[in-house]
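Asker: In the numbering used here, the protein residues as written are 5 to 548.
Where is the CB? At the ideal position from N, CA and C, for every residue including glycine.
Source: prediction; values computed, not measured.
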Amino acid sequence: SNMIDRDSIPRGNLFFSTKPAEDSLYFFAPKAVYNTDRIHLVADSVKYIVTADATVFPKNKRVEVDVPNRMYKFSNAKVRANNTTAYHVLHDAEIKINGRKSYGGSAYYDYVDERDSIQTIYFPKVYSDNNMNTYAEGTLTEPDSFRLSPNFAYIGGVSLSAPEKFLFFKGGAKPIYNCPGTIGQWVRFESQINPKRVLIPIGPDPRNMNLHRLISGTAIAEDSLKLYGGLLRSRKFWEDSSLVTATGFMEFNNKNRRFTIAPLYKLDNPDSSGNSVSLQKDYCWAFGEGNVRLPLKLGHVTSQVYGSVIHKLDKNEATIDAIIRLNFHFNQKALEAMAAQLSGAITLDKVDLSRKLYRKMLYDWLTPKELPEALNQLSLFGSFTQMPKSLESTITLSDVKLRWDPQNKSFVSVGKIGVGTIGNIQVNRFVNGFIEYYKGRFNDRLILYIHIGDNEYYSFYYANGVMFVSATNPEFYNPIASQKSSERRVKPSKGMMGYRYMIGSKRELNRAQLRYKELAFGIKSDIPVDSDDDKPNKEGKEDD
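(1) Tell me whether the beta-carbon of G185 lies closer than 7 Å to the beta-carbon of P179.
(2) Are T398 and F334 touching if we call contact CB-CB under 7 Å?
(3) Please report the distance separating the alpha-carbon of A344 from that of N428.
(4) Say whether chain D places a C-beta atom closer than 7 Å to the C-beta of A58.
(5) What would DSSP say about F388, mapped onto helix, strand or coil?
(6) My assumption, with CB atoms under 8 Å, is that G508 sits in contact with F472. Please give the rounded CB distance.
(7) For I328 versus L231, is the C-beta distance shorter than 7 Å?
(8) DSSP on W190, reduced to helix/strand/coil?
(9) Quick one: what's got a C-beta closer than 8 Å to K105's C-beta in the same chain, skipping five residues either side?
(10) Where are the beta strand (DSSP E) runs, 3 residues long or more, that stay fully inside the region 405-477, in chain order?
(11) Under 8 Å by Cβ, that's how I've got I451 and I439 pegged, so tell me the actual separation to the nearest angstrom.
(12) Can you give me the C-alpha to C-alpha distance between F78 and A47, rounded to a whole angstrom?
(13) Report the partner residues of K100 according to the DSSP bridge assignment.
(14) Would K420 be called buried (16 or more neighbouring beta carbons within 10 Å of its own) or exposed?
(15) Is P147 helix, strand or coil when you go by DSSP?
(16) For A25, which residues in the same chain have their Cβ closer than 7 Å to its Cβ, ignoring the five residues on either side in sequence?
(17) So, using beta-carbon positions, are G108 and A97 closer together than 7 Å?
(18) Any idea if G221 is buried or exposed, counting beta-carbon neighbours within 10 angstroms, 16 or more meaning buried?
(19) Closer than 8 Å is the cut-off here; do at least three beta carbon pairs connect the region 158-170 with the region 86-97?
(20) Using the Cα positions of A322 and F291, report the straight-line distance between them to the nearest angstrom.
(21) Using the Cα positions of P299 and N273, report the straight-line distance between them to the nearest angstrom.
(22) Report back the beta-carbon spacing between V564 and S246 to the nearest angstrom; my notes put them in contact at under 8 Å.
(23) Determine which residues share a DSSP beta bridge with K178 and list them.
(24) Can you give the Cα-Cα distance for Y287 and I314, rounded to whole angstroms?
(25) Below 6 Å CB to CB, which residues in the same chain sit around S463 once its five sequence neighbours on both sides are set aside?
(26) DSSP state of R15, grouped into three classes?
(27) Can you look up L370 in the DSSP assignment and give me helix, strand or coil?
(28) By how many angstroms is the C-alpha of D275 removed from the C-alpha of G203?
(29) Taking 7 Å as the limit between beta carbons, can you name the residues of its chain near E522, skipping five residues before and five after?
(30) Identify whether P267 lies in helix, strand or coil by the three-state DSSP scheme.
(31) Taking G252 and I265 to be in contact with their CB atoms under 8 Å, please state how far apart those CB atoms are, rounded to whole angstroms.
(32) Using DSSP with H/G/I as helix, E/B as strand and the rest coil, what is N541?
(33) May I have a chain-ordered list of the alpha helix (DSSP H) segments no shorter than 4 residues that lie completely inside the region 316-364?
(34) Just verifying my parser: in three-state terms, what is the DSSP assignment at Y91?
(35) Starting from the C-beta of L557, find all residues in its chain whose C-beta is less than 8 Å away, skip the five residues before and the five after it, and write them out in chain order.
(36) Who pairs with C183 in a beta bridge, going by DSSP?
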């Protein structure tokens, strides 16, 4: 008989329908009154009725049946669905049982969140489908003030499927925070939600309810070149992109009070590799970790950055603890001479390759084949006995602290810079100097200046497709000076300007050195750092 209460099978008489359309609908009742004149049955003490995959519990345990109405509608009933898993209980239900395989109506449902707080959802539509599975559908609006958890508001559709443990939500979730210049917006999503651990799926291009693009973390406005940030907030300009982008799920951590967007494995283990973006809601600090995309266009000079971004929204100050890999066409002999001088300077402090951020970078940048051996070498020797091919670049800076300079519209290093590798040669030394990325309205620029000692330096100044270099080391200088112009060029390609490197003039060197004095010693110069270099490119000519 498919009784659902195995320990206490209902006592009483068995009543069942002989009407074919009702599929032998039945119930047990110890007491019943049948009016033959009206053809009306009233049964009392009915514990429950099984229909479709559910069990209906009449509030007053009374069932009424007559010819025109068949089984009367139940008010304030309880429904348990389904009879196998019993995941869901509906209450205060208005239920019409159509037969053994079908029922419908409306009901209320208690959503119990992570703190065991109860919010009631109204389902105006409850029904069983052709497979006898129970479904319920409803809508939550802003006046309902519904929250998936204390830190996530929700508007939109909500549905119940009896075979599934969790409700399905299709609408918008909003992280609840209020920080200077930004508040959380509704982000569209559709997913089942576990109320004990709310995870909002976040794709690569999150949109609000009006399909406007949202941004998380730290960004630079393309129109004003000003820094701004937040979590799932409006973009100031359509093309704006955050320094660190993350996909996966958004979760609120009650211990550190952060909203975090990251892959599930990184939410479970924050020390693992991969990209994450988060916001500490009490102090209004935005964080980003992983591959950092500086919004710069440097042509044939590529800059790959892995790091940790901290953005204090109240002060609009941003810093990046970074590992930088620079790649550009350059003279190999000059690089070897530079590497030999720096690696041989034993008085320089060593770069610590065991720090957590560097190891995370290895998981991200190395191939699965390279990674185990590289980690083993670092554990045993503190450096690589054999340089992983994936880490080879023109110049790698293994430990750099960058800050956003709002006056110069640049990311500039603070303190010493850790030179990791030059070409395939390990250096792993801290040097005085700086690296600076300039964000211009027309063209972006890069300066790398290394100060070894009195009248000893290396200067790389890139602007408008030209890398100007200067150095006091003749073994670095001479191979470039004697090289043909054609060997120092990369021809323009579709959508990208050409590139060349050359010995720079005093103009570029003076700018780099004056900027170094300003950064290192606070000595300001009258020569502006931002200059004519930020103009549309007009590549000059050079004789062989």
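Answerer: This is what the structure holds:
(1) no
(2) yes
(3) 12 Å
(4) Of the chains in the structure shown, none is chain D; there is only one protein chain.
(5) coil
(6) 3 Å
(7) no
(8) coil
(9) Contacts found: D27, T55, A56, S132, M136.
(10) Fully enclosed beta strand (DSSP E) runs of 3 or longer: 414-417, 421-427, 429-442, 449-457, 460-467, 470-475.
(11) 7 Å
(12) F78 and A47 have their C-alpha atoms roughly 13 Å apart.
(13) G108
(14) buried
(15) Here P147 carries a helix assignment [DSSP, helix/strand/coil].
(16) G103
(17) Their beta carbons are not under 7 Å apart, which means G108 does not touch A97 by this criterion.
(18) Result: buried.
(19) The count of Cβ pairs closer than 8 Å, one atom from the region 158-170 and one from the region 86-97, reaches three, so the stretches are in contact.
(20) The C-alpha of A322 lies about 9 Å from the C-alpha of F291.
(21) 29 Å
(22) There is simply no residue 564 to check, as the chain begins at 5 and stops at 548 in what is shown.
(23) A157
(24) 12 Å
(25) For S463, where only same-chain residues beyond five positions count, the Cβ hits under 6 Å are Y453, S474, L513, A516.
(26) Reduced to three states, the DSSP call for R15 is coil.
(27) coil
(28) Reading off the sequence shown, one finds Leu at residue 203, where the question assumed Gly. One C-alpha to the other measures close to 19 Å.
(29) K528, S529
(30) Three-state DSSP puts P267 in coil, outside helix and strand.
(31) The Cβ separation is near 7 Å, so the contact holds.
(32) Only weak support exists for where N541 lies, its pLDDT of 49 falling under 50; the value from the coordinates is given anyway. DSSP places N541 in coil when its eight states are reduced to three.
(33) 336-347
(34) coil
(35) Outside the shown range of the chain, which is 5 to 548, sits residue 557, and nothing can be said about it.
(36) Under DSSP, C183 takes part in a beta bridge, and its partners are T186.
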